[in-house]
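Asker: Quick note on this note's numbering: the sequence shown kicks off at 10 and runs consecutively. Using N, Cα and C, we set each Cβ at its ideal position, and we do this for glycine too.
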Amino acid sequence: MNRTTEKVQVILDQIKNKELYKNYFTLVTIEYKWTDFKEHNQSISKWFQKLSNSMAKTGGIMNREWFKRIDNGFYKFEIEEQLLRLWIALESKEKISKTDLVTRIRKIKPLPISYEVGIQDWDMLEKNFGELFNNRTGIEVFGNIKRNDYFKLVYELG
C-alpha cells in the first residue's frame, strides 16, 4: 500500500467508527460516458479542479470558497469499457448541502449518466467504498489529508 492509499485508509477507518466519529462525511459516486467526458475535460484532475477551485458561482458562492469548508477528502476513478466511474469522499466539520454539491457537479460538462450523494450514509460507505483498494486505479487526496503532519497525527492517535 502506498502513502496516499494509507492516508485514505486512515480516513475511511475513522469514518467507519460510528460511535467515535464527530465530523460529517459526504460520499459521491458519479458515472460518465468516457468519450463525452474527454470531449469536455483534459483530464480527471482538471475536472476536479473545475469543481473545487473554479470561479463558477452557485447560490452566490464561488466553488473555491465553497470548497474551503471541506477539511479532507479524496477521489478515485476507474475507466472501464468506455465508462468513467468516480468516487468522491468529503469530510467537513459542518454538514454540507447535498443540493449545493449536486448543482456544482452538474454545472461541469458533460452531464453525468448517473450520480448518487450520501451524507452520513454508512450503508453507501460500505457498499461503494469497502472495495476501494482492490485495483490500482488513481486515487488523489486533497485538503488537510494531503499534508504529512495531519497523517502522522491521525496515524499515531488512531
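#1: What three-state label does DSSP hand Phe85 in the structure shown?
#2: Can you give me the Cβ contacts of Leu93 inside the same chain, cut-off strictly under 6 Å, excluding the 5 residues immediately before and after it?
#3: Alpha carbon to alpha carbon, how far is Arg73 from Glu89? Give it in angstroms, no decimals.
#4: On the three-state DSSP scale, how would you describe Arg94?
#5: Which residue comes first and which comes last in the alpha helix (DSSP H) that contains Glu125?
#6: With H, G and I counted as helix, E and B as strand and the rest as coil, what does DSSP make of Glu103?
#7: DSSP three-state label for Met133, please.
#8: Ends of the beta strand (DSSP E) at Ile20?
#9: Is the segment 122-133 in contact with the segment 67-83, if contact means three or more CB pairs nearer than 8 Å?
#10: Run through DSSP, which three-state label would Lys47 get?
#11: From what residue to what residue does the beta strand (DSSP E) around Ile148 run?
#12: In its own chain, which residues sit with a C-beta less than 7 Å from the C-beta of Asn50, not counting the 5 before and 5 after it?
Answerer: According to the data block:
#1: The count along the sequence shown starts at 1 and reaches residue 85 at position 76. For the sequence presented, residue 85 should be read as Lys rather than Phe. The three-state secondary structure of Lys85, taken from DSSP, is strand.
#2: Residue numbering aside, residue 93 sits at position 84 when the sequence shown is read from its first letter. Hits under 6 Å: Tyr41, Trp43 and Phe46.
#3: By 1-based counting over the sequence shown, the position of residue 89 is 80. By 1-based counting over the sequence shown, the position of residue 73 is 64. Per the coordinates, the alpha-carbon of Glu89 lies some 31 Å from the alpha-carbon of Arg73.
#4: Counting from 1 along the sequence shown, the entry for residue 94 is found at position 85. Residue state, collapsed to three classes: strand.
#5: Translated into positions along the sequence shown, residue 125 becomes position 116. It is not in any alpha helix (DSSP H) - Glu125 instead sits in the beta strand (DSSP E) that spans Ser123 to Ile128.
#6: Working through the sequence shown from its first residue, we reach residue 103 at position 94. Reduced to three states, the DSSP call for Glu103 is coil.
#7: Counting from one through the sequence shown, the residue named residue 133 turns up at place 124. DSSP places Met133 in helix when its eight states are reduced to three.
#8: Looking up residue 20 in the sequence shown gives position 11. Per DSSP, Ile20 lies in no beta strand (DSSP E); the unbroken alpha helix (DSSP H) holding it starts and ends at Arg12 to Lys25.
#9: With the cut-off at 8 Å, the segment 122-133 and the segment 67-83 do not touch.
#10: As a first step, residue 47 is located in the sequence shown; it is residue number 38 there, counting from the start. In the three-state reduction of the DSSP assignment, Lys47 falls in the helix class.
#11: Mapped onto the sequence shown, residue 148 falls at position 139. Run containing Ile148: Ile148 to Gly152, per the beta strand (DSSP E) assignment.
#12: For the purposes of this step, residue 50 is taken as residue 41 along the sequence shown, with counting starting at 1. Within the same chain, Cβ atoms closer than 7 Å to the Cβ of Asn50 are found at Trp56, the five residues on either side in sequence being excluded.
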